[in-house]
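To start, the structure itself, in structure tokens.
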Amino acid sequence: MKHTFLALFILCSLLIDAQVGDAYTTGINFEVFQSGVQLKAGNFDNEIKGTRYLNDEYVMGSLEIDGQSQGFFLKYDIYSDSFLFSTSKTTVDDKYLTRNPELVIKLNGKTFQYFDFGNEYDGYYEIVGDIDSDKKLLIKHGKTLIEPQQAYNTGYAKADKPKLITTTAYFILNKENHLTEVENHKKRILRSISDKKNEKLVKLFIKTEDLDFNEDGKSLLKVLSYYYNL
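Numbered according to mature numbering (1 follows the signal peptide of the UniProt record, and there is no 0), the sequence shown spans residues -18 to -1, 1 to 212.
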């Protein structure tokens, strides 16, 4: 009964039907405007190279709110920064979750949450983990649409498709809800360290731990946790 109530609550309060705009998008009417080129979602995936999704197929994940959780099939549309929801892995009736900051989304071993900063940084972020009691490390996944380059000897575009490029940015979120971007690189991360004494300690820590700085941000989290707890 408890799980049934949660499922109904999520379906009633978090799902939306077809709406177009900055706040909500749909897989039916969603339109992309890039350099005068209009792509409709119905044939979007056939007209571009690359994928707009973190995971192309629906994967079982969970939605958590108010201490309760329920498993659902989910897919993260990075390009429109929206999560698709389904009760069936093979459904074609895509629905988008409302962007609720209180909702925690878990998918493929990753945790996501919508953050409302009241500016252009609003959106879904992957939560890597706690740096200390006041700070978290976040990852912002992005997709940039690149148009085909123009041929040099004609006024026509090359016979090629637009391409989606994956981007990844890393941020420290403090208790004042302020974001600070950091670089996920064993040398460039040192730019975030203001004093030379601690810079030497961090260099030694990176070398001793033999950190690889993969895209998952785990190595970066270790370094930041070490630095802020010196």
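The beta carbon of each residue, even a glycine, is placed where N, CA and C say it ideally should be.
Burial state of residue i, where buried means 16 or more other Cβ atoms lie within 10 Å
i, result
"Pro83", "exposed"
"His160", "exposed"
"Leu212", "exposed"
"Glu108", "buried"
"Asn90", "exposed"
"Ile147", "exposed"
"His167", "exposed"
"Ser70", "exposed"
"Gly49", "exposed"
"Gly199", "buried"
Cβ pair residue i, residue j closer than 8 Å
i, j, result
"Gly43", "Ile87", "yes"
"Lys31", "Lys125", "no"
"Leu119", "Leu206", "yes"
"Tyr40", "Ile113", "no"
"Lys116", "Asn156", "First, the residue type needs correcting, since residue 116 is Asp and not Lys in the sequence shown. Result yes, Cβ atoms of Asp116 and Asn156 sit closer than 8 Å."
"Phe153", "Glu163", "yes"
Cβ of residue i within 8 Å of any chain D Cβ
i, result
"Ile87", "Judged by its chain identifiers, the structure shown contains no chain D, having just a single protein chain."
Three-state secondary structure assigned by DSSP to residue i
i, result
"Thr162", "strand"
"Leu45", "strand"
"Ala133", "Confidence at Ala133 is low in this model, with a pLDDT of 40, below 50, so the placement of that residue is unreliable and no value is reported for it."
"Lys122", "strand"
"Gly18", "Any reading at Gly18 must be qualified, since the residue scores a pLDDT of 31, below 50, and its modelled position is unreliable; the value itself is stated next. Looking at Gly18 - three-state DSSP - the assignment turns out to be coil, as it is neither helix nor strand."
"Ser64", "strand"
"Leu89", "strand"
"Tyr103", "coil"
"Ser51", "strand"
"Glu108", "strand"
"Lys31", "strand"
"Lys57", "strand"
"Tyr40", "coil"
"Lys145", "strand"
"Ala5", "The predicted position of Ala5 is uncertain, since its pLDDT is 35 and thus under 50; a value taken from the coordinates is nonetheless stated next. In this structure, Ala5 counts as coil in the three-state DSSP scheme."
Close-in-space but distant-in-sequence residues of the same chain around residue i (CB under 6 Å, 5 per side omitted)
i, result
"Tyr96", "Arg81, Pro83, Tyr106"
"Asp104", "Asp98"
"Ser51", "Ser44"
8 Å CB neighbourhood of residue i in its chain, flanking five on each side removed
i, result
"Phe94", "Tyr58, Phe65, Val86, Ile87, Lys88, Tyr106, Tyr107, Glu108, Ile109"
"Arg34", "Phe26, Asp27, Asp59, Ile60, Tyr61, Ser62, Lys125, Leu146"
Anticipated Cβ contact below 8 Å, residue i with residue j, distance rounded
i, j, result
"Leu193", "Lys204", "6 Å"
"Thr150", "Ile121", "6 Å"
"Leu56", "His123", "That pair is no contact at about 14 Å."
Chain-order list of residues whose beta-carbon lies under 7 Å from that of residue i (same chain, five-residue window excluded)
i, result
"Ile175", "Glu181, Val184, Tyr209"
"Glu191", "Lys204"
"Ile171", "Val164, Glu165, Leu202, Val205"
"Ile188", "Lys168, Val205"
Any non-hydrogen atom of the ligand HEM closer than 7 Å to residue i Cβ
i, result
"Asp116", "Ligands in the displayed structure: none, and consequently the ligand HEM is not present."
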